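In terms of the UniProt record's numbering, the numbers along the sequence shown are unbroken and rise by one, the last being 99. Every residue, glycine too, gets a C-beta built ideally from N, C-alpha and C. Here the structure is a predicted model, which is why all the values come from computation and not from measurement.
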Amino acid sequence: MKGSESRWACAWTTGPKNISGKLQTWAAKRGIGIFCIQPGKPQQYAYVERYNRTVRQEWPGRFIFNAIKKVKEHATRWLWIYNNQRPDMGIGGITPPWN
């Protein structure tokens with residue numbers, strides 16, 4: 001939604017043809033902007049791509065889970081640490097609550 005003053009946004013990587021009219025109406029009523037990322041341009045949504053890269057680098061081979069519940073618990077705990085305690089090297093190693 002170009003020119004939108006929306007505070008919230010949803011990104012789609014599969015193009016506008018996959019966004020239903022019902023979803024567009026629902027989002028518009030709530031002030032949520034919807035935009036599409038161009039194919040082959042992951043940098044257009046850099047925060048998600050950065051998070052996905054971090055997960056791919058830090059998780060594979062480090063943990064073995066025997067139940068989906070354990071994966072969810074670990075993911076929730078890891079995400080909290082990622083968002084609240086992990087030093088942000090882009091701002092001199094300060095943890096997020098202090099920036």
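Whole-Å CB distance - residue i paired with residue j, under 8 Å assumed
i, j, result
"residue 100", "residue 24", "Residue 100 cannot be examined here, being either before or after the span of the chain that is shown, 1 to 99."
Buried or exposed (CB count within 10 angstroms, at least 16 for buried), residue i
i, result
"residue 2", "Note that residue 2 has pLDDT 48, beneath the 50 cutoff, so the model's placement of it is unreliable and no number is given."
"residue 46", "exposed"
"residue 27", "buried"
message: Could you tell me which whole alpha helix (DSSP H) segments of length 4 or greater appear in the stretch 13-57?
response: 21-29
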